[in-house]
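Residue numbering for the sequence shown is 724 to 938, as defined by the working numbering.
Notes for the one structure printed next.
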Amino acid sequence: MNDESRAVLPEFTVDDFPGGLPACLEAILMVADQPQTAEDIARVLAVDVATVEQALQTLQAEYDGLSDAQGNKTRPRGFELRHTARGWQFANRAVFEPVVSAFVTDGQTARLSQAALEALAIVAYKQPVTRAQVAAIRGVNSDGVIRSLSIHGLIKESGADSETRAALLVTSELFLERMGLDSLEQLPSLAPFLPSASEMTQLARQTNEAESSIE
């Protein structure tokens, strides 16, 4: 989210949507590729920061099985709303790691979709890359397939882009193991057919500008 897009007031209010502000927060955090501060979200939704902060804390308590907005005790969820120094972000709850591992290593579910294979190839050959750069090369939103690859343990975050602070994606040791490689140098030569680093930056910038104009 750049400063220019934040300054443009949305053509809606959070009350226009089913579930109101809490549902809007969930929708934003579900697709965010990095933690979001209450201030960032408040600007996008044209809601004051204190209201957003309170709503986030209420959702966090609800997911943790403490209480909902009405004070009723709720069941714990398999995910959590995590608050760090960088902001708010959805994350799998650590206690469910055995369940997730069993799912992703199952013979059927471990098979990657064509979309996931495309995204994995981009990360493998052009790493480190941001989600926006992967999406720009593929030409479609790639949040879902990136999340799937992360759950499968084939890619991971490694630092942040110096300009946008977006998380950088790289392949994991498990990727090399599954590919039967000792190092990335053993990958077949394919990089010449993919955009250069400068071209990816331009593509990502155009993608972000297009998304901002839609907002």
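We treat Cβ as the ideally placed atom computed from N, Cα and C, and that holds for glycine.
_Cβ-based neighbour list, V823, same chain, cut-off 7 angstroms, excluding 5 preceding and 5 following_ = As a position in the sequence shown, residue 823 is number 100, starting the count at 1. So the list reads N815 and I874, once near-sequence residues are dropped.
*Leaving out the 5 sequence neighbours to the left and right, which residues in its chain are closer than 6 angstroms to V772 when beta-carbon positions are compared?*
Here residue 772 corresponds to residue number 49 of the sequence shown, with the count starting at 1. Only A761, E762 and A765 meet the Cβ criterion.
*Name the DSSP bridge partner or partners of R805?*
In the sequence shown, residue 805 corresponds to position 82, counting from 1. Q812.
*Counting pairs of Cβ atoms below 8 angstroms between the stretch 882 to 902 and the stretch 843 to 858, do you hit three or more?*
yes
*Residues in its own chain within less than 8 angstroms of N853 by CB, not counting five upstream and five downstream?*
Reading the sequence shown from its first residue, position 130 is the one you call residue 853. For clarity, residue 853 is Thr in the given sequence; the question names Asn instead. Only D756, D884, T887, A889, A890, L891, L892 and A927 meet the Cβ criterion.
*Check whether the Cβ atoms of V857 and A842 lie closer than 7 angstroms to each other.*
Residue 857 sits at position 134 when you count from the first residue of the sequence shown. Residue 842 sits at position 119 when you count from the first residue of the sequence shown. Yes.
*Along the alpha helix (DSSP H) that carries L910, what are the first and last residues, could you check?*
The count along the sequence shown starts at 1 and reaches residue 910 at position 187. Per DSSP, L910 lies in no alpha helix (DSSP H) segment and is marked neither H nor E.
*Can you tell me whether A746 is buried or exposed, with buried defined as 16 or more other CB within 10 angstroms of its CB?*
Your numbering for residue 746 matches position 23 in the sequence shown. Exposed, since its Cβ has fewer than 16 Cβ neighbours within 10 Å.
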